[in-house]
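Below is one structure, written out as structure tokens; comments come after it.
The structure is reproduced here in structure tokens:
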């Protein structure tokens, strides 16, 4: 059937047969190549982190996808469908204009008004020198306490927004903390310093996706409730007089920390 | 929790309920043994040659070919579900899609593996691509199956990279994201290829004019068995899928898909099965009264032998064909999970029996006027290889179930929908 | 410049894509295909120019003409010699694979003394000693050969006894020999002129006598004809291959052939179907019929069928005189189409007798059937090319195998005319082997050398100037200018064919109806096959098909 | 011109001696049986079957039926099914050629053959040590795991061709091309000739009323014809008689 076979000659059967399978095979291969190519591109255009983030976001239960404006009490109920990236949200201003009403006390955890908070439980502080300090927010600190090990990126490494900024090990659990903003790491701190990373963004960063003020209160409150729910099997009371107890991972080793950490750091 | 258990745990999707590591290993153990035995038996066949089997010049095809035809029919669930979900947009079947892919992959790879043992010179298997004879049904089968195996692998990768550890590698996760966009295309190609080779497997015997028991007239180059095999395959595919999911639910003690999916699969099986039985009846009538007499063979040349007598024909069509079809379709019976599963089991048995008759009985029946009716009992090597493939299937599915979100992936969406 | 991972990926992809357009992968595939098409461990036939030589088969007394195809000095194929006057181009099934016998695992290439390896000098010494101590017997399975002369003279010189073992067909002629006083080896069947042949269990179509002689005759005159010129009536308890093809098969009860013969005799005489009045069996027709398990009507009918289409001859598978006597009634002795007497150019030898206990030593020639175990306490020297196992011989002496020995082949049993053929050794005789004649000449150098005796035999034939030589074409002996020329023809695979039978001088007279003698078991061509083993390819008949029962005690 | 080689086998002449089987095996370098081989696993490109009229005792009749590849002319079952063109119908001779070195041993052709005239090499071909010297140089030995069958002693045809070519002739002299089984038959039951030649005795014999072919209704136009005057054989062959109840093999 192929020219290299003795006594070969084309017949209609050959043409039909070969073209059918040629078509099928090329479609299959084309599909595979196309997929690989797009993947390659995603990395080239620094979309990989975003894609992964969206994937994870897509798998969050609805209860954990509440819009910041709902948390701030600006709207009764709203689900986020932009992967918590308000920079791309067309209705942001419309809702942001509405008055917030959250009793500051509702927050089970203390938070600072001049910090910006990321849904992955990191805070961002803009410093005088144009860099941004990134740290673990109190909620996360209450959970993790002092991590057994921390793996920070090297200075001059690039971090991407919602990409993995640093990882921590605690009681055998691997915790991957997401970067709240993109940029170059110019210095690294740690649990014993007041920051984990100092990041120098490229140009003026848009930090609209970070929570601030009342949103944070509502958000943290919701997070604490969520924590309550997830640890309700562990009968221990998490909040004592409205404040979260420290070092929960040590005090409550029996709890399903897998689930807690998954929802806390939005990383399956 | 022991150290290994902890490591094992890290590979299991968060929030997924799975058996303890020790219990899982306990479950795997017998299957692994069976697999090893199968590999040993296959090794014997490779080393000493096919004289290890009880096949002979008259029974040139034996248990293995029966196995191939059977499991490829069972694997039809893979392409057919994909076809239903992506082409016919039956999205409510999505929950079983991953299972379908895994089942299909194991069935097809298993079949190909057995074929490699079955041929006398495996090192020349690729000659089929090198000097293909386009008039041979077997060429068609070989091309289709190898292409479709590629498709199944491509469909399996996205499921695979959803494993908790693998997904931490960004490129995998991104690829999965991309692959999801392509699955419909693959489903389309897969459907095309599968329709072809399911048919060609039927044609394999239908074209044998030297074997009047199997020979059928047909349409263009395809004998009627070509179409009957497609029909029976897509009829049994969903049934088998149903059984697999049910088995998984029974073993894990969890509810993985809601009953609606069962009913839908059952209904599809039922309708197709009814069609198949009707078609088969017509085909048999035509063959017994026109095709076969033309070749000088009367019904008694086939049906005067016990045990492979006409009872087989009857069993395959009525209790294992019509009955399950009715159970599937009639709402009053379809409501009962038990009956539904019974019907599914009957359907599978029916198709198995049909494949058995096509492969084994065809060869047992004499063609030459003075020839005896032959018997054939497979050797332990053949049976062991068979068992090996079975074990391989179970192991792959168990591992996939444990470490991949076969059902969880779709559960999330379900929750989501319920909340709004 | 920095070489990133991405560059590597792209580079590899490009390379893989590009290599498809080079001849490399295709060449490799081609080579792999060729490689996977031949395996080194599969035996490769030797190559070399093929030449074809004529010879004669020495594996049984029939001495069928053979065309041997030789390549690289080895026989690679055997076929019959078309229009050979005796065998008409036919061979027995085993003959077609005979050229593989020399490599048979049971090939004997080592002198063995009571199971242990020994040497020729020891064997020689042992025989010399035995000769010194007492009388010895020399047993010849195929008398009348040049080698037989050597054996006979050796025995005579040692005042021992020279004994012969005759094949089943010759034994079947013994009664007539007894009645006519002519040696059995001088008798034959004039099948060509017979028109009805009544066979009492003789495997006429299954290797009886010279394969080809009767089969061709039957095929031309009988096969498939409703009223054949040659009627073959097979009287046999079982439906043998011959019976299955016979014009008429009479299923007589096992071991009652003599009874049937008696019954037939009575009918023949009482109903005046034959001229002869001759002696009658005591047995009445009724008794006989009851014994034979046949209705009288059928016997009567059979008797009529026997004579209605003469000349008729009765052929027995064994030398049972009670059956052979029928030929006397039928007047089928010394008449055309009956038992005939050959011209006597070649020496004729007497009836068989087997060694008895009194001999100090018994020497068995390689031609003696393997299953013959002499009833003697004395030492046994057995020549054989293959060890068939279970032989009682004290000495197993390796003799040349197939085509490795120069020998002549006297008249085939059952042949109506004399014949003479020479089988030259197409293969070199292995050093480990000796023929009995060579061995005896080592002890007594004065014995005749086979080569010389053959030469003498040719001289003798040339002197009488009778008969014709067939070597490609037929040529009367008288037309040869010299004995040498004639001998040359014979050594090239020609065959001498003697004069037509001298029937006038053959008469048998019976005083009384003879008593029966124990019937022999039915035979086929394996029973007259001298080697104790069969060619491995015989498995096609006995193992890989169901057309035949495997013969007992013959390792293939 | 293209020849169509075929045979007419006279069943009345076949005495079932088996010479054809052994001559065939010797000519084509077929190995002797492996220890465990049986009539169902052996390699016998020419195979003699025993026919019977199914009766017992004095009424029993038996005949012998040699079966080789029938060289089917029309819709040759084995040719169309082979996935890799290891079987083909030689247009110039009408011989169905098997290429063992291309065969992967899937045995599809064996299931396709209604005459069971194809054989699989279940064992490695083995001869006692040294016996390979006796192999026919014209034919190469088939390895384990491939299918083989009668090709009408194609090596002999090849020799005849060369001889003709040497003599400057285009066509072979049929006297130079005689398959081993034909040559070996001691009763001349097998007649071999060119069915494309209307005057060839074999062509004429094939037309005689006594001649028939096995499973003619299947329509594969086999080129091996049979011939008999015995009614019971004919009835059996034409499937008019009931198949013998007892299985003569087992």
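Protein chains in written order, with the numbering used here: chain F, 1 to 268; chain V, 1001 to 1420; chain A, 2001 to 2556; chain D, 3001 to 3250. Quick reminder that beta carbons are idealized off the backbone N, C-alpha and C, glycines included.
Bridge partners for residue 1223 (chain V) per DSSP, in chain order?
V:1218
Counting only Cβ pairs nearer than 8 Å, list the residues of chain V close to residue 3218 (chain D).
1209, 1210, 1212, 1295 and 1296
When you compare the CB of residue 1011 (chain V) with every CB in chain D, is at least one pair closer than 9 Å?
no
Residue 2040 (chain A) versus residue 1007 (chain V) - alpha carbon distance
51 Å
Contact list for residue 3188 (chain D) against chain A, beta-carbon separation under 8 Å
2216 and 2219
Evaluate residue 2003 (chain A) with the Cβ neighbour count: other Cβ atoms within 10 Å of its Cβ, from every protein chain shown; 16 or more gives buried, anything less gives exposed.
exposed
Does the beta-carbon distance from residue 2441 (chain A) to residue 2210 (chain A) come in below 9 Å?
no
Ignore the nearest five residues each way along the sequence and tell me which others in residue 1264 (chain V)'s own chain have a CB closer than 7 Å to its CB.
1092 and 1093
Anyone know if the C-beta pair for residue 2316 (chain A) and residue 2202 (chain A) falls short of 9 Å?
yes
Leaving out five residues before and five after residue 2413 (chain A) in sequence, what residues of the same chain have Cβ atoms less than 7 Å from its Cβ?
2061, 2167, 2169, 2170 and 2209
Member of A:2390, A:2380 and A:2487 whose CA lies at the smallest distance from the CA of residue 2420 (chain A)
A:2487
Of all the residues that make up the stretch 172-185 of chain F, which are near chain V by a beta-carbon distance shorter than 8 Å?
172, 174 and 176
What's the gap between the Cα of residue 2433 (chain A) and the Cα of residue 2366 (chain A)?
11 Å
Give the residues of chain V in contact with residue 3011 (chain D), contact being defined as C-beta atoms less than 7 Å apart.
Simply none; closest approach about 12 Å.
Assuming residue 2270 (chain A) is part of the alpha helix (DSSP H), what are its boundary residues?
2257-2270
Between residue 1059 (chain V) and chain D, is the shortest Cβ-Cβ distance under 9 Å, so that the two count as touching?
yes
Under three-state DSSP, which class holds residue 3194 (chain D)?
strand
Could you spell out where the beta strand (DSSP E) holding residue 2470 (chain A) opens and where it closes?
2468-2471
Distance between beta carbons of residue 245 (chain F) and residue 142 (chain F), contact taken as under 8 Å:
7 Å
Can you tell me which of V:1164, V:1326, V:1153 and V:1377 puts its alpha carbon nearest to the alpha carbon of residue 1432 (chain V)?
Outside the displayed span of chain V (1001 to 1420) sits residue 1432 (chain V), for which this structure offers no information.
Let's test the definition: count the other Cβ atoms within 10 Å of the Cβ of residue 1258 (chain V) and tell me whether it reaches 16, buried, or not, exposed.
exposed
Quick one: what's residue 3064 (chain D) bridged to in DSSP?
D:3050
Taking 9 Å as the threshold (beta carbon to beta carbon), is residue 1369 (chain V) in contact with chain D?
yes
Determine, for residue 1178 (chain V), whether the minimum Cβ-Cβ distance to residues of chain A falls below 9 Å.
no
According to the neighbour-count rule (16 or more other Cβ atoms, all chains shown, within 10 Å of its Cβ), is residue 2355 (chain A) buried or exposed?
With a pLDDT of 49 at residue 2355 (chain A), under the threshold of 50, the predicted position of this residue should be treated as unreliable, though the coordinate-derived value follows. With 16 or more Cβ atoms within 10 Å of its Cβ, residue 2355 (chain A) is classed as buried.
So does the stretch 2024-2038 of chain A actually touch the stretch 2389-2398 of chain A, counting three or more Cβ pairs closer than 8 Å?
no
State the beta-bridge partners of residue 2162 (chain A) as determined by DSSP.
A:2138
Just to confirm before moving on: does the CB-CB distance between residue 1137 (chain V) and residue 1224 (chain V) stay below 9 Å?
no
Let me know the secondary structure DSSP gives residue 2039 (chain A) once reduced to three states.
coil
Reference residue 1096 (chain V), options V:1173, V:1242 and V:1226, closest by Cα:
V:1242
Extent of the continuous alpha helix (DSSP H) to which residue 147 (chain F) belongs
No alpha helix (DSSP H) contains residue 147 (chain F), which DSSP labels as neither H nor E.
Helix, strand or coil, according to DSSP, for residue 1328 (chain V) in the structure here?
helix
Rounded Cβ spacing between residue 1359 (chain V) and residue 1269 (chain V) (contact assumed at less than 8 Å):
About 23 Å separates the two Cβ atoms, so there is no contact after all.
Would residue 1373 (chain V) and residue 3049 (chain D) be called neighbours here (beta carbons separated by less than 9 Å)?
no
Could you tell me whether the stretch 202-217 of chain F touches the stretch 61-78 of chain F, using the rule of 3 or more Cβ pairs below 8 Å?
yes
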